[in-house]
Amino acid sequence: MEINCIICSDLFTQSSEMVVNQCGHMFHHACLLQWMERSKTCPQCRSRATEKSVYKVFFNFLNTDHITDDIGTLQAKLDGANFKLHLKKHELTELYEKFDLREAQNLQLRQLVANLEQKIGSLESNTHALKEKLSFFKSKAKDSERLQSEVNSLKENLKDVQKVETALYGTRAEVNEILKNETNIEALALLSATLKKTLIDVERKNNVLQSRLKHALNDITKYKRESSSFEATNTELRKLLNDNKKSWEEEKSYLKQKIEQLNKDLNEKKEKSSERLDDSIQRIMTESPAPLPRRKVDLKRNHLEAKPSPTVAEQVINLMDSDSPYLNVKTNYTTIFGTKYTKIGQKKSIFKSATKVEDISKPSTSQTVYTGLGGQVQEDFYKFPEKKSLQVGIKRQKSSSYVPSNKYRKLAALSASKKITDFVSLDDTL
């Protein structure tokens, strides 16, 4: 180990007297004493240094008398070792590069192996599929061979069938040709058996057709008789239908006239009753002790109540279209037309002459009305209220200028064959 003194720059030897300061730096004792005469600091770190803070140091040096190499030789050896170390490092770097290259090649080879394995798997699956196809085609080939044999047998059977068909439906020359050229006994036996069976079937069908023909002729005769009777009946029915049509047209015109007459009479009576009602209202309003605004309101209300009533035909249609539970379903309308209808009489019949309408020029002015309590009263059909004097201060009674609704409750729902609405609609169409 080469250690020198920083003051004199000489190396420390075994004979040198060495001292160390409290800061840890080592010098020759003589060099440090000379330095301390000029400065009481460490020559290297400039820390305080005195004689008391200086200590002697003793080293045990290795005996190197047997070593003959000098420093130059050792330095050359050191340089050679460093060069070899550098070469080794370079070789190691090259080896690492080769190792990385081999690793990359190994990775590529592994990928190539994986791709080849995948291709091998796909080739194996293709081989397996081809083997299955081969087995399938082999089975198809067997089936085709079997079908070919069946086709050959069917061709033979077809030839036999054609011969039988020729024997059944062909000419005598064709049959003789077949018999002359045919040498197979089985084919000849088949032809004879087929001809015999066909002959038996033809005879049986002929008998069946003859029996059907007889039945058909009998049916034709019977149908002709029935047709003649139906034609006669149809002629009679047409005659009856024309007669009924004429009678219904006459009845329709007659009913139309009566309805117009009734509407005219009803309008006249309604005008008279409205005039009477207006006079009564004016008199009651003038004599009423109620204040003037109240009388004006009552006058407006009475004016609204005095609306014109609908015609008879409109009232009958409204009653027939009404679904009120208080209307009697099974009632008659003899009070208007003076004709009695029953369930049987309401139905049309083409075998009977039309019913003649009775004279209704003088309709009944009264009829019996049931009170619902076990009794009955006699009421007029066209009965209007008479004008009566009203006392002042008595509650005004509601007057009616139309026919009471209970009169129309006696009207029954007309049957499908005879309805007033039918005649009204026919009148409108005409």
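Residue numbering for the sequence shown follows my numbering, starting at 1287 and increasing by one per position. Glycine residues also receive a C-beta, built at the ideal position from the N, C-alpha and C atoms.
8 angstroms contact criterion, which residue i and residue j should meet: CB distance rounded
i, j, result
"histidine 1758", "serine 1302", "The requested residue 1758 is not part of the displayed model; the chain covers only 1287 to 1716."
"alanine 1453", "leucine 1485", "In fact, because the Cβ distance is near 12 angstroms, the residues do not count as touching under 8 angstroms."
"serine 1339", "glutamine 1361", "Not really, about 38 angstroms apart at Cβ, beyond 8 angstroms."
"lysine 1326", "arginine 1334", "6 angstroms"
"methionine 1312", "methionine 1304", "6 angstroms"
Assigned secondary structure, residue i (DSSP; H/G/I helix, E/B strand, else coil)
i, result
"valine 1447", "helix"
"lysine 1483", "helix"
"arginine 1396", "helix"
"valine 1461", "helix"
"asparagine 1346", "coil"
"valine 1340", "coil"
"threonine 1379", "helix"
"phenylalanine 1298", "coil"
"asparagine 1290", "strand"
"histidine 1315", "helix"
"arginine 1388", "helix"
"arginine 1334", "strand"
"valine 1305", "strand"
"glycine 1624", "Unreliable positioning characterises glycine 1624 in this predicted model, as indicated by a pLDDT of 45, which lies under 50. The coordinate reading is nonetheless provided below. DSSP places glycine 1624 in coil when its eight states are reduced to three."
"serine 1635", "At serine 1635, the pLDDT of 49 sits below 50, so the modelled position is not reliable; the number obtained from the coordinates is stated separately. Correct three-state label for serine 1635: coil."
Through-space distance from residue j to residue i, alpha-carbon basis
i, j, result
"arginine 1562", "isoleucine 1545", "26 angstroms"
"glutamate 1557", "glutamine 1543", "21 angstroms"
"isoleucine 1464", "lysine 1449", "7 angstroms"
"threonine 1507", "valine 1447", "45 angstroms"
"lysine 1638", "valine 1494", "Model confidence at lysine 1638 stands at a pLDDT of 48, short of 50, so the residue's coordinates are unreliable; what they give is reported in the following sentence. For lysine 1638 and valine 1494, the distance between alpha carbons rounds to 49 angstroms."
"lysine 1417", "alanine 1400", "25 angstroms"
"leucine 1319", "threonine 1359", "37 angstroms"
"isoleucine 1293", "phenylalanine 1345", "20 angstroms"
"alanine 1518", "lysine 1538", "30 angstroms"
"lysine 1531", "serine 1560", "43 angstroms"
"asparagine 1467", "glutamine 1496", "39 angstroms"
"leucine 1548", "glutamate 1536", "19 angstroms"
"histidine 1501", "alanine 1479", "34 angstroms"
"serine 1439", "glutamate 1451", "18 angstroms"
"glutamine 1394", "threonine 1413", "28 angstroms"
"histidine 1376", "arginine 1396", "30 angstroms"
"isoleucine 1289", "aspartate 1386", "47 angstroms"
"glutamate 1389", "glutamate 1380", "14 angstroms"
"serine 1430", "asparagine 1392", "55 angstroms"
"threonine 1521", "glutamate 1512", "14 angstroms"
"histidine 1372", "aspartate 1365", "10 angstroms"
"phenylalanine 1298", "asparagine 1368", "28 angstroms"
"glutamate 1410", "lysine 1441", "45 angstroms"
"lysine 1424", "arginine 1432", "12 angstroms"
"isoleucine 1406", "alanine 1427", "30 angstroms"
"lysine 1633", "arginine 1490", "In this predicted model, lysine 1633 has a pLDDT of only 46, less than 50, meaning its place in the structure is not dependable; the value taken from the coordinates is given anyway. Cα-Cα distance, rounded: 57 angstroms."
"leucine 1398", "glutamate 1383", "22 angstroms"
"glutamine 1300", "glutamine 1330", "23 angstroms"
Reference residue i, options the options, closest by Cα
i, options, result
"asparagine 1470", "Glu1489, Leu1481, Asn1492, Lys1445", "Lys1445"
"glutamate 1337", "Cys1317, Phe1345, Phe1344, Asn1346", "Cys1317"
"glycine 1456", "Leu1481, Leu1433, Lys1441", "Leu1481"
Residue-level contact to chain B via CB, residue i, 8 angstroms cutoff
i, result
"tyrosine 1509", "In the structure shown, chain B cannot be found, because there is only a single protein chain."
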